[in-house]
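Worksheet: one structure, shown below.
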Amino acid sequence: MASDQIFVGLEIGTTKICVIVSEGRSDGTISILGVGETPSRGVRKGEIVDLSTVSECIHEALIDAEEKTNVEIRNVWVAISGSHLKSFNNRGTFMLPEDRDVIVEEDLQTVETNAKEVSLPAQHIFLHTILQGYHVDGRRDVIDPIRMECRTLEADFHIVHGIKTRIHNTLRCIESLKLGIEDVVLSSLASAQVVVTQHQKDLGALVIDIGGGTTDFLVYYNGSVRHSGVLPLGGDHITNDISIGLRLPMQRSEILKIQEGSAIDPKGDDLGMITLKNDLGFLGCDISRASLQIIIHQRVREIFEFVRKDIEGSHEGMLGMLRAGVMITGGSSRLRGIATVAEDVFELPTHLTRAKEVGGATQTFENPQFSTAIGLTKYAMAVSDNIPEESVFAKVTKGIGGIFHRRSR
Amino acid sequence: MIGVGNAGVGILDRLIVETPGISGLMIINNDHESLGASIVREKISLPEGDPRDGFLMIEEEFSKSIEGSLSILLCGGLGGGTTSLLIPLLAARAKTMGIVTLGCVSLPFGFEGKQKKELAHASLKKLQGVCDAVAVIENDRLTGSDPTKSTVGSAFQISDELLLSSMKAIQGMIATAGPVKITRHDLATVLGKAATLHFGHGRSEGANRLHEALERALHSPLMKEKGGRSVIGDARMILLLLRGPNDLSFAEMQVAVEDIERMAGKGCVVKVGVDTTAEATAGLEVFIMAASDRSELSLERKSPEEVARDASPATTVSIRTKKETSAKSKPTTPAAKSTATYNQTQGMFELNPYQRGRFDKSEPTIFDGEDLDVPTFLRRGIKLVFPPK
Chain R
0 MASDQIFVGL EIGTTKICVI VSEGRSDGTI SILGVGETPS RGVRKGEIVD LSTVSECIHE
60 ALIDAEEKTN VEIRNVWVAI SGSHLKSFNN RGTFMLPEDR DVIVEEDLQT VETNAKEVSL
120 PAQHIFLHTI LQGYHVDGRR DVIDPIRMEC RTLEADFHIV HGIKTRIHNT LRCIESLKLG
180 IEDVVLSSLA SAQVVVTQHQ KDLGALVIDI GGGTTDFLVY YNGSVRHSGV LPLGGDHITN
240 DISIGLRLPM QRSEILKIQE GSAIDPKGDD LGMITLKNDL GFLGCDISRA SLQIIIHQRV
300 REIFEFVRKD IEGSHEGMLG MLRAGVMITG GSSRLRGIAT VAEDVFELPT HLTRAKEVGG
360 ATQTFENPQF STAIGLTKYA MAVSDNIPEE SVFAKVTKGI GGIFHRRSR
Chain B
0 MIGVGNAGVG ILDRLIVETP GISGLMIINN DHESLGASIV REKISLPEGD PRDGFLMIEE
60 EFSKSIEGSL SILLCGGLGG GTTSLLIPLL AARAKTMGIV TLGCVSLPFG FEGKQKKELA
120 HASLKKLQGV CDAVAVIEND RLTGSDPTKS TVGSAFQISD ELLLSSMKAI QGMIATAGPV
180 KITRHDLATV LGKAATLHFG HGRSEGANRL HEALERALHS PLMKEKGGRS VIGDARMILL
240 LLRGPNDLSF AEMQVAVEDI ERMAGKGCVV KVGVDTTAEA TAGLEVFIMA ASDRSELSLE
300 RKSPEEVARD ASPATTVSIR TKKETSAKSK PTTPAAKSTA TYNQTQGMFE LNPYQRGRFD
360 KSEPTIFDGE DLDVPTFLRR GIKLVFPPK
C-alpha cells in the first residue's frame, strides 16, 4: 500500500470543530501530524443549524491545521452524527447465475445492494453500510468469499441511514469551502477505529462517545458491528442541569463541571461546600458539593440508561455477552466517576479510553475529545483507494470489520 | 407584613437586613429550622402535617397578633404545599376581622413541574377572591424581557429582588400615615390597569439625603429599562412616596416631585405621598412605583387595555384589585376586566411552560413524553441537598 500518505479527518461537533492531519505508515499505523481546532458555533445537538457560521468555523480549523502541519488540505473525511440517524441489521442474498460457480467481486456489490432493498423512512438515505460477515452456502462468517465456489452468497450488514437533507447540509457546508469530501463516516464507527482493538471487538464491546451535544454508541459482537445509535444528549445537558439546579450562569457551570464535577452519587453523604469566587457580574457563593454531584449523576445515569434501553430494545440479552465491556471516550468522558456510573448501569467492566496505536503528537491522541477525528484518519487509511490491490481479506484483518462503499447521493 | 413559608421567611429576613428599623414583621412556617434561623422576632410555628389542620391550631394566635392592624401584607412563594394552602386561609381570617389584606406572591417557574403550577394557581385564585389586592410575580416571565441576555442564574436573582421590592413598595404605600397620603384608590388605579410595573426603593441620610435616596430608588434593579429607555419617561402613572422623620422639609418634598415630574413624560400622572412619622434618627426613604403601558417586547404602542389583554411577556407583575370584601362574590367591573386580563395572561403563558435554560430556543427532545432538555434531577424529583445560595 502507498506509504506515508496524508489523511485528513474533519469532525463537526457541538463543542468543537477539529481537523486531524495524519500520515499513514507502511506498517499500518498512523502518525498524527497536527490538529486544527476551533470552538464550534452553529451546531446544536450534533446537527448544523447555522450553515454560514459553521463554514467559518471549519475554515478556521482548517487554517489552524494547515499552519501547524504545513500540509495543504484538499480533501477530508467527514464524521457524521445526529439523533436522526437510525440503524438496523439486514441480510442480502444472492444466488449465483447458472453459468457461474465462483464468486467474483461484483457479487459482493450485488449482495450488498440486495441487503439495501429495504424501504427507508421518507426523506432518509443510506449513510453507511457496514459489513458484518459473509455466508457461503450456509457456511457462516466467511472472511473472503471471492473465488470460492458456491450457489448462494449471503451477507449481513449493519445499515445506518438518516435524513437526507441533514446529511447533505453537512456536506454542502464543507463543499462551500472548496474542499473535496473523500467520504462520510459514522462518528461512532470512526471513534471505534482507534479506541477498540480487534481482539476486543471479537470479545464483544460497547463503545460510547460522549461529546458536547450527542452521545454516539456502537456495539461490537463477534468481531462485527451489531448495533449503533445516537442520542441528542451530551456534556451540554450536564452543564445546563448544573446551571439550572445551582442557579449559575452557563459558563460558570461549565468551569465548575470541569474543575469540581463528579458523577458519583453522594448517597446522602455531606461532601462539604465549594466556594465560587466573585466574578464579573456574578456574586461569589457557596455550592453544596453533594448537590452538584447529584445533578451530574442523575443526568449521566439517564444517558447511560437510554443507551442501555436502546440496545436491549433491539438485541435482548446482548449486553451481558460483551466480554470486553464498555469503552467510553469523547470530551465528556473526562468527567470524574463516569466509569463508575457506567459500570453500575451496564453491569460490565468499563474503561476510559483514548486513541490507541497511533503515533505522533502525544497530547493529541491522549485527549479523548479527538478520538473521532483521529479515528477518521485511521479509517481513511484502511479503506483508501490506495489499497485496491489488497483483497477484502486484508482489509478485514486490519481491524475495520467493514467494507467501505461510497455513499449514494 | 407576614412572611409565609420558606420563601416568605427569606424575604422578610432580607427586608430586615436592608431596612433596619422596620417593624411589624411576622413569619409563619412549619419548617422549624427556618423559623429558628430567621431574625424576625415575631414567629408563629405551624405544626407539621396538613397546613389546613395546622391553621386551625394557630388561628387564635394569628388573630391576636394581627388584631388592631390597619392592614397586613401576606407574602410567599406559591407552589409549595404549605404556603399555597395556608396563605388563603390566613387572608380570609384577616378579612373577617376587618383588616385590609394584601398579598404579594410568586408563581413557580414552569420547569418546577406541573403539580406545583396547578397548586399555585388554585391558591392564587382563592387569594384573589379574598384579598383587597394581590401582586403576582410570574417567575416564568422573567426571562421574557431580554431573552438573549438573561441567564437562569440572574432570573432567580431577579425573581427574589422583584418580590422584595414589591413588598417594600406596597408596604410603603399602604402604610403611609401622613400627612400626605397615597390613597388606596390611587394605588388601585395604578395597579389595576398597568401593563408593566416598576418598583424602586432608595434610602439615605445626611445632608444630601433626598437626592441620594431618589438616585438609589431610580437605580433599583427593577427601574432599569432594558434597551436604555427610561422607565420614568415611559410611565403613565407614578406613585412616589417619601418617608422620613418629621424634619422632612417642604423643600425636600418639592424638589423630589419636581425631579420626577421632569423625568416623566407628558401626560404622566404623579401622585405623591409623604410620611413623616418615621423615627427621628431614621433616614429618608423614597419609594417609587411606576406603571407604564409599554411592554418591553412589543414595539407598537397600544392602549393600556390592549396591552394588558395581550399579556405582554415583559416584567412580571400583574395586580388585581377587589373592591368586594366577601370572598365568594363576583368582582365588580374594573376587577372583572382585570380578571379577564389575568386569565388571558395565563393562556398565553402556557406556550412556553418549561425553563430549559440553554436549550430554550431549540427543538425539544421528547422521549417517552418527557422533555429531555429539562434537567434530569428535576424530572425525577430528586431533591438537592441545600437550596442553592
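Here the protein sequences come in this chain order: R and B. Okay, so the first sequence: first residue is 0 according to numbering that gives the first Met the number 0, each after it adds one. Okay, so the second sequence: first residue is 0 according to numbering that gives the first Met the number 0, each after it adds one. Where a beta carbon is used, it is the ideal one built from N, C-alpha and C, also for glycine.
Pick from the options that is closest to residue i, judged by C-alpha positions
i      : options                           : result
A183/R : Y378/R, I79/R, C172/R and P348/R  : Strictly speaking, residue 183/R in this sequence is Val, with Ala absent from that position. Selected option, being the one with the closest Cα: I79/R.
H296/R : M317/R, S331/R, V77/R and E153/R  : S331/R
G356/B : L247/R, A189/R and L321/R         : L247/R
S108/B : S248/B, V99/B and S158/B          : A small correction: the amino acid at residue 108/B is Phe; Ser does not occupy that position in the sequence shown. Ranking the options by Cα distance to F108/B, first place goes to S158/B.
E365/R : Q4/R, R333/R and D343/R           : R333/R
N113/R : Q4/R, D63/R, N89/R and V53/R      : N89/R
K125/B : I136/B, E111/B, L89/B and V99/B   : L89/B
N239/R : H127/R, I254/R and T109/R         : I254/R
V3/B   : N28/B, D370/B and G201/B          : N28/B
T275/B : G266/B, V129/B and R242/B         : R242/B
N102/R : I62/R, V135/R and F216/R          : Per the sequence shown, the amino acid found at residue 102/R is Ile instead of Asn. Ranking the options by Cα distance to I102/R, first place goes to V135/R.
D12/B  : L55/B, L162/B, C130/B and D52/B   : L162/B
L84/B  : R235/B, T364/B, T280/B and L123/B : L123/B
Contact belief for residue i with residue j at Cβ below 8 angstroms, rounded distance in angstroms
i      : j      : result
C74/B  : M0/B   : 7 angstroms
L106/B : G67/B  : About 32 angstroms; that fails the 8 angstroms criterion.
W76/R  : G27/R  : Rounded, the Cβ-Cβ distance is 17 angstroms, inconsistent with contact.
G329/R : S261/R : Rounded, the Cβ-Cβ distance is 17 angstroms, inconsistent with contact.
S190/R : S370/R : 5 angstroms
V268/B : L209/B : Actually they are not in contact, since the Cβ atoms of V268/B and L209/B sit about 22 angstroms apart, beyond 8 angstroms.
M166/B : L14/B  : 7 angstroms
A216/B : V271/B : Between V271/B and A216/B the Cβ distance is about 13 angstroms, and since that is not below 8 angstroms, they are no contact.
Within 8 angstroms, strictly: CB atoms of residue i and residue j
i      : j      : result
L270/R : R251/R : no
D106/R : Q131/R : no
P374/B : I294/R : yes
L245/R : S175/R : no
G12/R  : V193/R : no
S44/B  : L34/B  : yes
F303/R : A354/R : no
H123/R : K163/R : yes
T213/R : G233/R : yes
L318/R : R300/R : no
S86/R  : V141/R : no
Alpha helix (DSSP H) segment containing residue i, residue limits
i      : result
A114/R : E104 to A114
C172/R : K163 to E174
E181/R : First-last for E181/R: G179 to L185, but that is the beta strand (DSSP E), not the alpha helix (DSSP H).
K113/B : K113 to V129
C416/R : Past the edges of chain R, shown from 0 to 408, lies residue 416/R, and the structure says nothing about it.
S242/R : G234 to G244
Beta strand (DSSP E) segment containing residue i, residue limits
i      : result
R242/B : A234 to P244
S223/R : S223 to L230
I11/R  : Q4 to I11
K409/R : Here chain R comprises residues numbered 0 to 408, so residue 409/R is not present and cannot be evaluated.
E36/R  : I29 to P38
T364/B : Counting along the chain, T364/B falls outside any beta strand (DSSP E), and DSSP gives it neither H nor E.
Span separating the alpha-carbon of residue i from that of residue j
i      : j      : result
R139/R : Y133/R : 7 angstroms
N138/B : L383/B : 20 angstroms
D258/B : L213/B : 9 angstroms
T339/R : P348/R : 9 angstroms
D372/B : L119/R : 28 angstroms
S242/R : I65/B  : 41 angstroms
V20/R  : K67/R  : 10 angstroms
F93/R  : E104/R : 13 angstroms
A289/B : S186/R : 56 angstroms
I136/B : V206/R : 48 angstroms
T14/R  : M320/R : 34 angstroms
T344/B : L240/B : Its pLDDT being 34, under 50, T344/B is placed unreliably by the model, and nothing is read from it.
K336/B : V99/B  : For K336/B, the predicted structure reports a pLDDT of 36, less than 50, and the residue's modelled location is therefore unreliable. The matter cannot be settled from this model.
C6/B   : D30/B  : For the record, residue 6/B in the displayed sequence is Ala; it is not Cys. Computed Cα separation, rounded: 11 angstroms.
M147/R : L95/R  : 12 angstroms
L409/R : S54/R  : In the structure displayed, chain R extends from 0 to 408; residue 409/R sits before or after that span and is not available.
I72/R  : V18/R  : 10 angstroms
S287/R : H83/R  : 38 angstroms
T157/R : Q114/B : In the sequence under discussion, the amino acid at residue 157/R is His, which differs from the Thr named in the question. Near 44 angstroms, if we compare the C-alpha coordinates of Q114/B and H157/R.
Cβ-heavy atom distance, residue i to the ligand GTP, below 7 angstroms
i    : result
V7/R : Here there are no bound small molecules, and the ligand GTP is not part of this structure.
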